[in-house]
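Have a look at the structure below before the remarks.
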Amino acid sequence: MEPFKSHRGIVATLDRANVDTDQIIPKQFLKSIKRTGFGESLFFDWRYGDDGKPNPDFELNHPQFAGASILVTRNNFGCGSSREHAVWAVAQYGFRAVIAPWQDRNGTRVPGFADIFRNNCVKNGLLTIELAEPEVEEIFQMVDRFKGLQATVDLDEQRVVLHLDEEIAFHFDIDPVVKDHLIRGLDDIALTLEHESDITAFEQRHDTQLHR
Amino acid sequence: MAAKTLFEKIWDKHVVQTMPDGTRLLYIDRHLVHEVTSPQAFEGLRMAGRPVRRPDLSFATMDHNVPTTSEDRMTIRDPISAAQVEALRKNCKEFGINLYDLQSDHQGIVHIIGPEMGITVPGLTIVCGDSHTSTHGAFGTLAFGIGTSEVEHVLATQTLRQSRPKTFKVEFTGRLGPGVTSKDMILKLIGQIGTAGGTGYVIEYCGEAVRALSMEARMTICNMSIEGGARAGMIAPDDTTFEYISAEDRPFAPKGKDFEKAVEYWRSLPSDPDAAFDRTLTIKADEIAPQVTWGTNPGMVVDVAGRVPAPGEVPGHSVRDVEQALAYMGLTPGTPMTDIKLDTVFIGSCTNARIEDFRKIASIIKGRKKADSVRVIVVPGSQQVRKQAEAEGIDRVFKEAGAEWRHAGCSMCLGMNPDQLKPGERCASTSNRNFEGRQGKGGRTHLVSPEMAAAALIEGHFVDIRNWS
Numbered sequence: 004m005e006p007f008k009s010h011r012g013i014v015a016t017l018d019r020a021n022v023d024t025d026q027i028i029p030k031q032f033l034k035s036i037k038r039t040g041f042g043e044s045l046f047f048d049w050r051y052g053d054d055g056k057p058n059p060d061f062e063l064n065h066p067q068f069a070g071a072s073i074l075v076t077r078n079n080f081g082c083g084s085s086r087e088h089a090v091w092a093v094a095q096y097g098f099r100a101v102i103a104p105w106q107d108r109n110g111t112r113v114p115g116f117a118d119i120f121r122n123n124c125v126k127n128g129l130l131t132i133e134l135a136e137p138e139v140e141e142i143f144q145m146v147d148r149f150k151g152l153q154a155t156v157d158l159d160e161q162r163v164v165l166h167l168d169e170e171i172a173f174h175f176d177i178d179p180v181v182k183d184h185l186i187r188g189l190d191d192i193a194l195t196l197e198h199e200s201d202i203t204a205f206e207q208r209h210d211t212q213l214h215r
Numbered sequence: 008m009a010a011k012t013l014f015e016k017i018w019d020k021h022v023v024q025t026m027p028d029g030t031r032l033l034y035i036d037r038h039l040v041h042e043v044t045s046p047q048a049f050e051g052l053r054m055a056g057r058p059v060r061r062p063d064l065s066f067a068t069m070d071h072n073v074p075t076t077s078e079d080r081m082t083i084r085d086p087i088s089a090a091q092v093e094a095l096r097k098n099c100k101e102f103g104i105n106l107y108d109l110q111s112d113h114q115g116i117v118h119i120i121g122p123e124m125g126i127t128v129p130g131l132t133i134v135c136g137d138s139h140t141s142t143h144g145a146f147g148t149l150a151f152g153i154g155t156s157e158v159e160h161v162l163a164t165q166t167l168r169q170s171r172p173k174t175f176k177v178e179f180t181g182r183l184g185p186g187v188t189s190k191d192m193i194l195k196l197i198g199q200i201g202t203a204g205g206t207g208y209v210i211e212y213c214g215e216a217v218r219a220l221s222m223e224a225r226m227t228i229c230n231m232s233i234e235g236g237a238r239a240g241m242i243a244p245d246d247t248t249f250e251y252i253s254a255e256d257r258p259f260a261p262k263g264k265d266f267e268k269a270v271e272y273w274r275s276l277p278s279d280p281d282a283a284f285d286r287t288l289t290i291k292a293d294e295i296a297p298q299v300t301w302g303t304n305p306g307m308v309v310d311v312a313g314r315v316p317a318p319g320e321v322p323g324h325s326v327r328d329v330e331q332a333l334a335y336m337g338l339t340p341g342t343p344m345t346d347i348k349l350d351t352v353f354i355g356s357c358t359n360a361r362i363e364d365f366r367k368i369a370s371i372i373k374g375r376k377k378a379d380s381v382r383v384i385v386v387p388g389s390q391q392v393r394k395q396a397e398a399e400g401i402d403r404v405f406k407e408a409g410a411e412w413r414h415a416g417c418s419m420c421l422g423m424n425p426d427q428l429k430p431g432e433r434c435a436s437t438s439n440r441n442f443e444g445r446q447g448k449g450g451r452t453h454l455v456s457p458e459m460a461a462a463a464l465i466e467g468h469f470v471d472i473r474n475w476s
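First to last, the sequence lines map onto chains A and B. Using the working numbering, the first residue of the first sequence is number 4, and each one after it goes up by one. Using the working numbering, the first residue of the second sequence is number 8, and each one after it goes up by one.
What follows is the structure, encoded as structure tokens:
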């Protein structure tokens, strides 16, 4: 996996909450047995009209978002199905990072991303960033005001910087495990297999509890 | 010893090792595999020259792509679907995994066949490349959905690296009223906490109303945990659980002395009385009404006696979210839910396509005809369910009512096979997701219980099952 340190690119916005993985990559594209080729089908039903042409009303089709590589959206992005195809589609479209707000609901922190989706992102080197709602709102407004706005997401420094005349920067928190994983671009399976003898030892004492 | 929750007991027993980064290497007891989320994982193994570590703990079937009509089932016409199904056959053969293929009596939706065959028993860790793996938590297992990279990781190592989730206790006090089901319990909960409300948590469902439920009804609740954002939902095992497992024809369940020994262990699993949870919520079961979703996520739900809400009236959803949902669903605020007319009724999915669901529906529609305006598709969750239903004459009740009686698969729950809604078609569905386009591009889905679907298919619109005969 390609290590992630810092990335600068155009910011695109998608002003919807609870974007589910059925929207990110609809069912008909899950039939592929390959791991590539999903980028052109990202947000398929929103992105293309019935005639197969790009839907001009859909945000990502707006000209100022051409070549965007940082996606900013609303709460609970990636909910629903566990399909990793959704992450492949987001990454293969060209996004390196997705930003969504966490929310406070009656004292409970509601994460910006759905669990399985966030997990799948880590495995594919796609950075998910949670910011507070007012911060995300500010990015939405800046993107709206300054066409083609660029930002830098710096994982090492845990900062998002909007490149305006006067730069605006946001600090983000991230699970140190995820950060380390992304920065080093680790191959999980190889790492785990270094513990193979521990797994074997576990199996020897655990099998009796399987009740088979 | 410190008091532990059901989740903690199972988690602690499966930690192989604490990794240097603080995550746990968690042993996986059962891995369920299907055709959609596995081909890239097998390909990854091939590229790296890795074997499947424990093919004996992996169980595969095809369910998502499978056509459900007798004519099309064995020869899949869509060449891409056919290739995906064929890839599963090839991969299972190459890596030595037990496959319940289309001609098998045990083919069906992974989450239906696992419990049915006794693969799912209390105390296990179970994963599958499918978010509805949470279903198996009904037996007191830790069961959750994973992505394809993790599928590959489990195939190669029989473990997963996991950070420990938080615990969330949801207690349903009292008893459900007549006509109200476990589907209504879970929809009510999701309506209350929202579709992200459980993110980061494992939910344990408990309370009098949960204890009173059958295994199949418990599976419906745990199945939809993910719709509330929780990767896993669990219910402590009890005599209802043990009785289900001891039934005949569960080839993988322990038998005789092994079973007795297992039960002794399983009885130690329920949460200790003073175990602490990170979060708790109590819902009065006797106040739950039959639920119907009106929007484009399962948290957009109201009582059947309610009305389509207006933007600004829905807690946890912005005005814009509600406007978008209403526009997609073609609904006007203020419309009574019982005025909503239907084109299709879909009875199926890993949420509600078990034999009990079919028995209940059959008892409601027996001797009646479906409304002329609706198309009714009935898709058993497994070939075993189909066989059992046919043995009991349930298929005839459906056919005489004018419904289409199909073979097992995921079918119109997600429309990867030919069973799809047309744009604008409105469907009452016993499945789990009412997302835009889920059942077919432009299709409009309302989630309901099997009983509510039964009444709706007779009348052609939603009715309050509590005062309908």
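Note that CB positions come from ideal geometry on N, CA and C, so glycine has one too. Note that the coordinates shown come from a computational prediction; the quantities given were computed from them, not determined experimentally.
In the DSSP assignment, what are the bridge partners of residue i?
i, result
"Ser436/B", "Phe353/B and Leu454/B"
"Phe6/B", "This structure cannot settle anything about residue 6/B, because the visible part of chain B is limited to 8 through 476."
"His38/B", "Ser65/B and Val134/B"
"Arg168/B", "Leu32/B"
"Asp383/B", "The displayed chain sequence assigns Val, not Asp, to residue 383/B. Val352/B."
"Phe151/B", "Val134/B"
"Arg403/B", "For Arg403/B, which the question treats as bridged, DSSP gives no partner whatsoever."
"Glu411/B", "Ile384/B"
"Asp4/B", "Outside the shown range of chain B, which is 8 to 476, sits residue 4/B, and nothing can be said about it."
"Leu74/A", "Ala15/A and Val101/A"
Work out the CA separation of residue j and residue i for me, nearest whole Å.
i, j, result
"Leu194/A", "His184/A", "11 angstroms"
"Ala55/B", "Gly214/B", "48 angstroms"
"His65/A", "Ala71/A", "11 angstroms"
"Asp232/B", "His41/B", "According to the sequence provided, residue 232/B is Ser. The question's Asp does not apply to it. Taking the straight line joining both Cα atoms gives about 21 angstroms."
"Phe175/B", "Val404/B", "41 angstroms"
"Ile372/B", "Tyr208/B", "39 angstroms"
"Asn439/B", "Lys262/B", "34 angstroms"
"Thr303/B", "Met336/B", "8 angstroms"
"Pro62/B", "Asp379/B", "50 angstroms"
"His453/B", "Trp301/B", "6 angstroms"
"Glu255/B", "Met124/B", "10 angstroms"
"Thr24/A", "Val156/A", "24 angstroms"
"Lys195/B", "Thr12/B", "24 angstroms"
"Gly51/B", "Glu199/A", "19 angstroms"
"Met145/A", "Glu133/A", "18 angstroms"
"Thr166/B", "Ile472/B", "46 angstroms"
"Ala317/B", "Val329/B", "8 angstroms"
"Thr351/B", "Ile465/B", "11 angstroms"
"Gly29/B", "Thr342/B", "52 angstroms"
"Gly358/B", "Asp281/B", "As written in the sequence, residue 358/B is Thr, which differs from the Gly given in the question. If I take the Cα positions, the gap works out to 32 angstroms."
"Leu165/A", "Gly204/B", "30 angstroms"
"Val59/B", "Gln207/A", "18 angstroms"
"Gln67/A", "Gly136/B", "37 angstroms"
"Ser141/B", "Gly52/A", "35 angstroms"
"Ile153/B", "Ile119/A", "6 angstroms"
Thinking residue i and residue j are a contact (beta carbons under 8 angstroms), I'd like their distance in whole angstroms, please.
i, j, result
"Tyr34/B", "Thr132/B", "7 angstroms"
"Glu411/B", "Val383/B", "7 angstroms"
"Ala463/B", "Ala435/B", "5 angstroms"
"Ala216/B", "Ala292/B", "3 angstroms"
"Thr206/B", "Gly240/B", "The pair is not a contact, with the Cβ atoms about 13 angstroms apart (cut-off 8 angstroms)."
- Would you check if there are 3 or more beta carbon pairs closer than 8 angstroms linking the segment 83-93 of chain A to the segment 162-173 of chain A? Segments in contact, no.
- Is the segment 190-197 of chain B touching the segment 69-81 of chain B, taking contact as three or more C-beta pairs under 8 angstroms? No: the two stretches stay apart, fewer than three of their Cβ pairs being nearer than 8 angstroms.
- Whole alpha helix (DSSP H) elements within the segment 23-55 of chain A, 4-residue minimum: Complete alpha helix (DSSP H) runs here, min 4: 24-27 and 47-50.
- Item | the segment 450-464 of chain B contacting the segment 360-370 of chain B, beta-carbon criterion three pairs below 8 angstroms | With the cut-off at 8 angstroms, the segment 450-464 of chain B and the segment 360-370 of chain B touch.
- Sequence ranges, alpha helix (DSSP H) only - wholly within the segment 327-378 of chain B, length at least 4: Entirely contained in the segment 327-378 of chain B, the alpha helix (DSSP H) runs reaching 4 residues are, in chain order, 362-372.
- Item | Minimum length 3: unbroken beta strand (DSSP E) runs contained in the segment 94-156 of chain A | For the segment 94-156 of chain A, the continuous beta strand (DSSP E) assignments of 3+ residues that do not extend past its boundaries occur at 100-108, 111-113 and 130-135, in sequence order.
- Please list the segments of the beta strand (DSSP E) lying wholly inside the segment 96-122 of chain B, counting only runs of 3 or more residues, in order along the chain. Scanning the segment 96-122 of chain B from its first residue to its last, the whole beta strand (DSSP E) runs of 3-plus residues come out as 105-107.
- Query: Does the pairing of the segment 29-49 of chain A with the segment 305-312 of chain B give three or more beta-carbon distances under 8 angstroms?
  - Reply: Cβ pair count under 8 angstroms is below three, so no.
- Query: How about the segment 87-100 of chain B and the segment 37-51 of chain A: do they share at least three Cβ pairs that are nearer than 8 angstroms?
  - Reply: Counting Cβ pairs under 8 angstroms, fewer than three are found: no touch.
- Task: Tell me, please, whether the segment 169-185 of chain B touches the segment 59-74 of chain B by the rule of three or more beta-carbon pairs shorter than 8 angstroms.
- Result: Taking 8 angstroms as the limit for Cβ pairs, the verdict is that the segment 59-74 of chain B does not touch the segment 169-185 of chain B.
- Message: Check whether the segment 394-402 of chain B and the segment 415-423 of chain B touch, using three or more Cβ-Cβ pairs below 8 angstroms as the test.
- Response: Touching, no, given that fewer than three Cβ pairs across the two stretches are closer than 8 angstroms.
- Message: Three or more C-beta pairs under 8 angstroms: does that hold for the segment 157-164 of chain A against the segment 6-17 of chain A?
- Response: Yes, the segment 157-164 of chain A touches the segment 6-17 of chain A.
- Task: Quick one: which unbroken alpha helix (DSSP H) runs of 4-plus residues sit fully inside the segment 152-199 of chain A? Chain order, please.
- Result: Whole alpha helix (DSSP H) segments, 4+ residues: 179-187 and 191-196.
- Runs of alpha helix (DSSP H) lying entirely within the segment 177-256 of chain B, each at least 4 residues, in chain order: Positions of the alpha helix (DSSP H) runs, each at least 4 residues long and wholly inside the segment 177-256 of chain B, are given as 189-200, 215-218, 222-230 and 246-252 in order along the chain.
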